[in-house]
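Under the UniProt record's numbering, think of the first position of the sequence shown as 1, with each following residue one higher. Positions of the beta carbon are idealized from the N, C-alpha and C atoms, including for glycine. Here the structure is a predicted model, which is why all the values come from computation and not from measurement.
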Amino acid sequence: MARLILFNKPWGVLSQFSGDSAEGRRPLREFVPVPEVYPAGRLDRDSEGLLLLTDDGALQARIADPAYRQEKTYLVQVEGLPDDAALQTLTRGVALKDGLTAPAQAERITPPDLWARDPPIRHRPSIPDCWLQLTITEGRNRQVRRMTAAVGHPTLRLVRWRVGDWTLEGLAPGEWREIDLPSAPPRRIAKKTGWHPGAESGRKPGTKPDGPSPGRRRR
Numbered sequence: 001m002a003r004l005i006l007f008n009k010p011w012g013v014l015s016q017f018s019g020d021s022a023e024g025r026r027p028l029r030e031f032v033p034v035p036e037v038y039p040a041g042r043l044d045r046d047s048e049g050l051l052l053l054t055d056d057g058a059l060q061a062r063i064a065d066p067a068y069r070q071e072k073t074y075l076v077q078v079e080g081l082p083d084d085a086a087l088q089t090l091t092r093g094v095a096l097k098d099g100l101t102a103p104a105q106a107e108r109i110t111p112p113d114l115w116a117r118d119p120p121i122r123h124r125p126s127i128p129d130c131w132l133q134l135t136i137t138e139g140r141n142r143q144v145r146r147m148t149a150a151v152g153h154p155t156l157r158l159v160r161w162r163v164g165d166w167t168l169e170g171l172a173p174g175e176w177r178e179i180d181l182p183s184a185p186p187r188r189i190a191k192k193t194g195w196h197p198g199a200e201s202g203r204k205p206g207t208k209p210d211g212p213s214p215g216r217r218r219r
């Protein structure tokens, strides 16, 4: 049985267990005291949200390797108010220095019910901001931030809400939860075992989570 840990990474925490602790650069070992697990993918120091850790190499590859096109959903606070043309560009593909991004899902949403970030976002009264929900299947370095900047809307805050079939439901910043899963592709795991995000806490699909939730679509 593979071990899988869902961790809500706060801002300023590194996606690694090694390294000396410093302000704004805290290693994972300060939050997840579990031996022999490693991140499946990573989140930048200045990003927040779902980070998966496992002791199974095959599962780690299926989660993190771009070849498996695992969906990752982000809640993104951006500067300005993206119009339909900007959303279409994000959806169809953005021309970055390392090539055109793969098709994605992008939509405006109402501000999600999230925890306050520490440190807080710097707001400028003269410049409005907006929240987007962006789902991608790649994992390039700082991809979401580069995508929104390329369409004229720099990212102010970035929270990864979902990876494959796993979400942040019920996890506060700095909290983690372990689930035991067979070493198989995440979506096959869900179909074969009946597992779904929230199952380990007794929730059924479609019920309201206890923790933060993504915003509703803005019509």
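Inset, instruction - Following the continuous beta strand (DSSP E) through A2, name the residue where it begins and the one where it ends. - result: A2 to K9
Inset, instruction - Taking all protein chains shown into account, decide if H123 is buried (16 or more other Cβ within 10 angstroms of its Cβ) or exposed. - result: exposed
Legend entry - Residue environment, A64, which counts as buried when at least 16 other CB atoms sit within 10 Å: It counts as buried.
Legend entry - Three-state secondary structure assigned by DSSP to G152: coil
Inset, instruction - Just the C-alpha distance for L53 and V37, rounded to the nearest angstrom, thanks. - result: So the alpha carbons of these two residues sit roughly 6 Å apart.
Legend entry - Cut-off 7 Å between Cβ atoms - residues of its own chain near A104, not counting five sequence neighbours on either side: L90, T91, L134, T135 and I136
Legend entry - With 16 other Cβ atoms within 10 Å as the buried cut-off, status of P197: A caution first: P197 carries a pLDDT of 38, below 50, which makes its placement in the model unreliable, though a value can still be read off. Around the beta carbon of P197, 16 or more other beta carbons lie within 10 angstroms, which makes this residue buried.
Inset, instruction - List the endpoints of the continuous beta strand (DSSP E) containing L75. - result: K72 to E79 is the span of the beta strand (DSSP E), which, as asked, contains L75.
Legend entry - W11 versus P66: straight-line alpha-carbon distance, rounded: 24 Å
Legend entry - Secondary structure of L28, DSSP reduced to three states: It is helical.
Inset, instruction - Buried or exposed for P125, please, with buried defined as at least 16 other CB atoms from any protein chain shown within 10 angstroms of its CB. - result: exposed
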